[in-house]
Amino acid sequence: MSSPPPAPGSPMAEAEAEARDWAEMPSDALAAVFRKLDVAEILTGAALVCRAWRRLAATDPTLWRHVDMSHQGDLLETEEAEAMARAAVDRAAGTMEAFWADSFVTDDLLRYISQRACPQLKCFRLNERWSILQSEYAPYEGMDDDTEALGIASTMPGLQNLQLIGNSMTNDGLMAILDHCPHLESLDIRQCYNIQMDDAMKLKCARIRDLKLPHDSISDFKYRAYIVSSIANSGSDFEVDLYDDLLDVVTEDDDADFDDMDDFDDVGSDGGMYDDDFDI
């Protein structure tokens, strides 16, 4: 007669758990766990556990179909966040369907994404942060830039959902997007104060089923960090909201584990630590 399994929490059960070879975990079960992690958690955590886990992170493109880096610009240095984004794009191997990010995205990274991920890309979010000076004087001080909008228009024709909160594009950039993204159903251009909703623009946007305009409220926006509402637009004092998700991890402790990114210095610089050229 076989012995009954050890009781949970008993010394024997704990010993068995410690002896378990996690590298032998079935790949489909492991992939299901990985999909619950964000980009940073996979690249700097799970993928470093063992060779089998690193192999899965590097070779399974289904893990990278939906990449949300909406708050990584605050948790990581710009170069580190950009390196992670490039690694995610590479691992997606052209199958990426959604990419969400914020102010750490550079023009070079946008080109990188559009050149390698656009065939299947249906959802794209690239949100910036506006200050009161920008919102008040952008139309008059040359704080306008259609580079990102024109890049999106020329490389992402399959987009269905687009969010560009706080972007500095003008009517020309938005017109280009509307002309070259015929499948667009949802468009969020809140805080895009260079956009003038004249009759021509209203007519152009009439086909968009879900449309949020520059002066619409951002109270329902999950990641509304450091967005300062304009007195002229809101009739209230400055309102600065920190990321809801960061409240649990940001402290006043100067000796926090992530201080100055020291934890990453021993692994490598920039994107080298995420290079696919490793022994799998």
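Per the numbering used here, residue 1 is the first one in the sequence shown, and the count goes up by one each step. All C-beta atoms, glycine included, are put in the ideal place defined by N, C-alpha and C.
8 Å CB neighbourhood of residue i in its chain, flanking five on each side removed
{"i": "ALA31", "result": "LEU56, ASP60, THR62, LEU63"}
{"i": "LEU37", "result": "GLY45, ALA46"}
{"i": "LYS212", "result": "LEU187, ASP188, ILE189, ARG190"}
Own chain, CB closer than 7 Å to residue i, minus 5 neighbours either side, in chain order
{"i": "ASP146", "result": "MET169, THR170, ASP172, GLY173"}
{"i": "ALA47", "result": "TRP53, ARG54, ALA57"}
{"i": "HIS180", "result": "ALA153, SER154, PRO157"}
{"i": "LEU110", "result": "GLU148, GLY151"}
{"i": "TYR112", "result": "ARG86, VAL89"}
{"i": "GLU82", "result": "PHE104, THR106, LEU109"}
{"i": "HIS183", "result": "GLY158, LEU159, GLN160"}
{"i": "ALA117", "result": "VAL89, ALA92, GLY94, MET96, PHE99"}
Distance, residue j Cα to residue i Cα
{"i": "ALA101", "j": "VAL67", "result": "9 Å"}
{"i": "MET197", "j": "ALA40", "result": "38 Å"}
{"i": "LEU90", "j": "GLU77", "result": "The question names Leu, but residue 90 in the sequence shown is Asp. Distance between the alpha carbons of ASP90 and GLU77: 20 Å."}
{"i": "MET175", "j": "MET201", "result": "8 Å"}
{"i": "PHE221", "j": "PHE124", "result": "15 Å"}
{"i": "LEU199", "j": "PHE34", "result": "The residue asked about is misnamed: residue 199 is Asp in this sequence, not Leu. Each residue's Cα considered, the two are about 48 Å apart."}
{"i": "SER103", "j": "LEU203", "result": "30 Å"}
{"i": "LEU178", "j": "LEU75", "result": "33 Å"}
{"i": "GLN115", "j": "MET96", "result": "12 Å"}
{"i": "ALA29", "j": "LEU43", "result": "18 Å"}
{"i": "THR106", "j": "ASP216", "result": "26 Å"}
{"i": "SER70", "j": "GLN160", "result": "19 Å"}
{"i": "PHE99", "j": "GLU24", "result": "31 Å"}
{"i": "SER27", "j": "ARG65", "result": "17 Å"}
{"i": "LYS122", "j": "ALA92", "result": "14 Å"}
{"i": "ASN127", "j": "ILE218", "result": "12 Å"}
{"i": "ILE208", "j": "LEU162", "result": "11 Å"}
{"i": "ILE80", "j": "LEU164", "result": "Per the sequence shown, the amino acid found at residue 80 is Glu instead of Ile. Rounded to whole angstroms, GLU80 to LEU164 spans 22 Å at the Cα level."}
{"i": "VAL49", "j": "MET84", "result": "18 Å"}
Rounded Cβ spacing between residue i and residue j (contact assumed at less than 8 Å)
{"i": "GLN191", "j": "GLY151", "result": "Incorrect: roughly 19 Å between the Cβ atoms, too far for contact."}
{"i": "GLY94", "j": "GLN72", "result": "With a Cβ gap of about 22 Å, GLY94 and GLN72 do not count as contacting."}
Opening and closing residue of the beta strand (DSSP E) in which residue i lies
{"i": "LYS212", "result": "210-212"}
{"i": "ALA47", "result": "Neither: ALA47 is in no beta strand (DSSP E) and is coded neither H nor E."}
{"i": "LEU126", "result": "123-126"}
Cutoff 6 Å; reference residue i; Cβ partners in own chain excluding five residues on either side
{"i": "ASP210", "result": "SER186"}
{"i": "ARG51", "result": "none"}
{"i": "CYS205", "result": "LEU211"}
Endpoints, the alpha helix (DSSP H) within which residue i is located
{"i": "ALA281", "result": "The structure shown does not extend to residue 281, since the chain spans only 1 to 280, so no value can be given for it."}
{"i": "LEU30", "result": "27-34"}
{"i": "ALA117", "result": "107-117"}
May I have a chain-ordered list of the alpha helix (DSSP H) segments no shorter than 4 residues that lie completely inside the segment 60-86?
-> 72-75
Quick one: which unbroken alpha helix (DSSP H) runs of 4-plus residues sit fully inside the segment 156-222? Chain order, please.
-> 171-180, 199-205
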